[in-house]
Amino acid sequence: MIPSVLPTYNRAPLEFVKGEGSWLVERDGRRFLDLGSGIAVNVLGHAHPDLVATLGEQAQKLWHVSNLYRIPEQERLADLLVEHTFADTVFFTNSGTEACELAVKMARKYWYEAGDPERVEIIASEGAFHGRSTAAIAAAGSEKMVKGFGPVLGGFTHLPWGDIAALRDAASDRTAAILIEPIQGEGGIRAMPDEDLRAIRAICDATGALLILDEVQCGMGRTGRLFAHEWAGITPDIMMVAKGIGGGFPLGAVLASEGAASGMTAGTHGSTYGGNPLGCAVGAKVVEIVAAPDFLAQVNARAGALRQKLEALVAAHPEVFEGVRGAGLMLGLVCKAPNTDVVRAGFDAQVITVPAADNVIRLLPPLNITEDEIATAVERLDAAATQIESALSSC
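In this text, residue positions in the sequence shown follow my numbering: the first is 7, and each later residue adds one.
Structure below.
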């Protein structure tokens, strides 16, 4: 018999009832150090007092009115994002998946209005993840994502990750946009080198194609800059944002330059809940905190400390781990043992990690994790690795 919750997840046998900063409390009272942050969502940890206060204050005033009217909280968050990024305009969604849908529509509508309606091709990358809607799975293109869901939306070309020569050859005057994650999350914490991001920007400039960046997972301070592409000194034309922007409240956004968004006029897109007062009030508080230079400097300091300890962990457990990769507080441990075994051993050690492709476990802690919590996290990962080594030696 099918359960009341559609069984599309293989859920771990854990039931968390409370969150406190970097910690999750299981129903039985055990305290888990959360290095997953709800998959890069809880950038300020659980129950951050400023977010709780903001949500409570807004909840006493107004939850929802729809986008048929002006929403001051939405305008405030949009103004903050425009102030701190390349963007001239913002559309709010409920998720990264919805942001992908709009990004694809926006790019194609741009060329339609420019008098080139056949210019619809979007070049994407193998190993990508952009969500689970029809356009998002078409953009990813992997068999795992699209099998059984055909016919798949057309107009996407998929190239090997990081193959700039192939991208240069494929881009043409038929290319509407190039869509890339500066750091692949689901794909195994694979970071695009800064010089490659600059090369992709140059290819777009040469062909006229729009550059769409998916910063749903790597954005909102996770790499030590507000957005990951800033390290390369480039700007996109369109950017997808979600996860961390709401600090745990469902919220997403598409940021765009005025030119890229020029085709999106009244009636071309909409959302019932996107940009509601509750979400935008919380999102504005998140941006205020995370965009502060002192906060981002702290993220970089914590990232350096965590990476150094992880490198030592890898050296201490060569049968379990191969290496560390990623940037900022978006790090991956490349495993020799099955990554799912490492995640499960982490449960026993009361530390939460997230599996990814390429036999990687993701470490995506709250950006305000403390130095003591980093030390505790690595101690618990060490215990998990020791457990796996014991199991291997007994085989």
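Quick reminder that beta carbons are idealized off the backbone N, C-alpha and C, glycines included.
For the beta strand (DSSP E) assignment, the uninterrupted runs of no fewer than 3 residues enclosed by the stretch 48-110 are, from N- to C-terminal side, 95-99. The alpha carbon of Val222 has as its nearest neighbour, out of Gly194, Gln190, Ile206 and Ala238, the alpha carbon of Gln190.
Cβ-Cβ separation between Val305 and Leu373: approximately 5 angstroms, consistent with a contact (criterion under 8 angstroms). Secondary structure note for Glu201: its alpha helix (DSSP H) is the uninterrupted segment Asp200 to Thr213. Secondary structure of Arg174 (DSSP, three-state): helix.
Runs of the alpha helix (DSSP H) lying entirely within the stretch 123-157 and spanning at least 4 residues, in chain order: 140-146 and 149-152. With a cutoff of 8 angstroms on beta-carbon distance, Glu79 and Gln66 are scored as not near each other. Out of Ala351, Pro371 and Ala141, the CA that lies nearest to the CA of Leu398 is found in Ala351.
Between Leu173 and Leu165, the C-beta gap is smaller than 8 angstroms, which places the two residues in contact.
In the DSSP annotation of this structure, the continuous segment of the beta strand (DSSP E) that includes Ala259 starts and ends at Gly258 to Ala262. By the Cβ criterion, the stretch 199-212 is not in contact with the stretch 272-287, since fewer than three pairs of Cβ atoms, one from each stretch, lie closer than 8 angstroms. Scanning Arg196, Ala146, Asn16 and Leu61 for the CA closest to the CA of Glu107 turns up Ala146. The way I'd put it, the stretch 335-346 doesn't touch the stretch 268-278; fewer than three beta-carbon pairs between them come closer than 8 angstroms. Around the beta carbon of Gly276, fewer than 16 other beta carbons lie within 10 angstroms, which makes this residue exposed. The shortest CA-to-CA distance from Glu32 to any of Leu39, Leu41, Gly42 and Glu21 is the one to Glu21.
By the criterion of a C-beta distance shorter than 7 angstroms, Thr140 is surrounded in its chain by Leu159, once the five residues flanking it on both sides are discounted. In this structure, Thr382 and Arg368 do not form a Cβ contact; the two beta carbons are roughly 18 angstroms apart against a cut-off of 8 angstroms. Closest in alpha carbon position to Gly194, among Gly338, Arg76, Ala262 and Tyr15, is Gly338. According to DSSP, residue pairing for Met246 in a beta bridge involves Asp220 and Val260. By the criterion of at least three beta-carbon pairs nearer than 8 angstroms, the stretch 118-131 is not in contact with the stretch 85-94. DSSP places Ala362 in the uninterrupted beta strand (DSSP E) bounded by Val360 to Ala362. The three-state secondary structure of Gly310, taken from DSSP, is helix.
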